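Engineer: Just so we're aligned, residue 863 is where the sequence shown starts under the numbering used here, counting upward by one.
Ideal placement from N, C-alpha and C gives every residue a C-beta, glycine not left out.
Bear in mind the structure is a predicted one, so any value in this text is a computation, not a measurement.
Questions regarding the structure given below will be posed in turn.
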Amino acid sequence: MCPDTSHAILFLASDAASFITGASLVVDGGIISHTGLPDLTAFNNPSSD
Numbered sequence: 863m864c865p866d867t868s869h870a871i872l873f874l875a876s877d878a879a880s881f882i883t884g885a886s887l888v889v890d891g892g893i894i895s896h897t898g899l900p901d902l903t904a905f906n907n908p909s910s911d
């Protein structure tokens, strides 16, 4: 396991993360800073088919 992943896990398991709800914590080594976030609107608003 890489240090970034283990630090994120330890943080989320700690009391310091007690107020985090409904959030995504991206641990990708900075990939999103170059590519941007994916479009997830299809997952948030499923069609009524």
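State yes or no: is the C-beta of residue 889 within less than 8 Å of the C-beta of residue 866?
Structural biologist: As a first step, residue 889 is located in the sequence shown; it is residue number 27 there, counting from the start. As a first step, residue 866 is located in the sequence shown; it is residue number 4 there, counting from the start. Contact flag set, yes.
Engineer: Give the DSSP-derived three-state secondary structure of residue 881 in the structure shown.
Structural biologist: Here the question's residue 881 lines up with position 19 in the sequence shown. Residue 881 falls in the coil class under three-state DSSP.
Engineer: For residue 874, which of helix, strand or coil comes out of DSSP?
Structural biologist: Residue mapping note: residue 874 aligns to position 12 of the sequence shown, counting from 1. Of the three classes helix, strand and coil, the one that applies to residue 874 here is helix, per DSSP.
Engineer: Need the endpoints of the alpha helix (DSSP H) that residue 886 sits in, please.
Structural biologist: Position 24 of the sequence shown, counted from the start, is the residue given in the question as residue 886. Where residue 886 is concerned, there is no enclosing alpha helix (DSSP H), given that its DSSP letter is neither H nor E.
Engineer: Can you name, in chain order, every residue of its own chain whose Cβ lies under 6 Å from the Cβ of residue 894, other than the five neighbours on each side?
Structural biologist: The residue labelled residue 894 in the question sits at position 32 within the sequence shown. Result list for residue 894: 888, in chain order.
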